[in-house]
Amino acid sequence: MSYCPNCGTENEVGAKFCSNCATKLDFQVRAEPTRRVISKPLILGAVALILILLVVLVILPRGLGIYGTYEMENFPAYFTEIKRDGTFSQTMWGMRIEGRGEREGNRLTFIVPGLPTSSGTIEGNRIIADDGSVWIKRR
1 MSYCPNCGTE NEVGAKFCSN CATKLDFQVR AEPTRRVISK PLILGAVALI
51 LILLVVLVIL PRGLGIYGTY EMENFPAYFT EIKRDGTFSQ TMWGMRIEGR
101 GEREGNRLTF IVPGLPTSSG TIEGNRIIAD DGSVWIKRR
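Counting from 1, one number per residue, gives the positions in the sequence shown under full-length UniProt numbering.
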């Protein structure tokens, strides 16, 4: 079969003119137009991308952030609770200190009015304080 380049009508092989619009045909046999089929790998890739976006936008900010309670590695009775509102409370030597925390990248700074600031680096589920102490997140 040949198809008219002007209107797309199917014509007999060898026809000199289109049976629909009378356009001169140049005896080229053209394959029938095919439907474009979306491949399974493309669909699976799109689904995987959507799932990754969901994890990044929904799950990570809620459950895998730095928020939670951290115990000092060598003294588990000393602990720091980092809250979602940017504040923290720390219990050491039976005293409770409250302040606010500021995060910039993987650096965390604790600020308590009237006391020197303390900083540390976030490494996975640990905070390595600049003074060398290690704080591990409770499970």
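Yeah, the Cβ is synthetic: ideal placement off N, Cα and C, and Gly gets one too.
Go through its chain and collect everything with a Cβ distance to G120's Cβ below 7 Å, but skip five positions before and after it.
Excluding positions up to five away in sequence, the list reads L108, I127, I128, A129 and D130.
Could you pull out every residue in the same chain whose Cβ sits closer than 6 Å to the Cβ of N106, ignoring the five residues on either side in sequence?
T121 and I122
A46 lies in the alpha helix (DSSP H); which residues open and close that run?
Boundaries of the alpha helix (DSSP H) harbouring A46: K40 to L54, taken from the DSSP string.
Which residues in the same chain have their Cβ closer than 6 Å to the Cβ of E98, if we skip the five residues on either side of it in sequence?
S89
In or out: L25 buried (at least 16 other Cβ within 10 Å) or exposed?
buried
Please identify the residue among T23, T117, M72 and L51 whose C-alpha is closest to the C-alpha of E102.
Answer by Cα proximity: T117.
Counting C-beta neighbours from all protein chains within 10 Å, is the total for I82 16 or more, i.e. buried, or is it exposed?
With 16 or more neighbouring CB atoms inside 10 Å of its own CB, I82 falls in the buried class.
With the cut-off set at 8 Å, would you say T91 and W135 are in Cβ contact?
Taking 8 Å as the Cβ cut-off, T91 and W135 do not qualify as a contacting pair.
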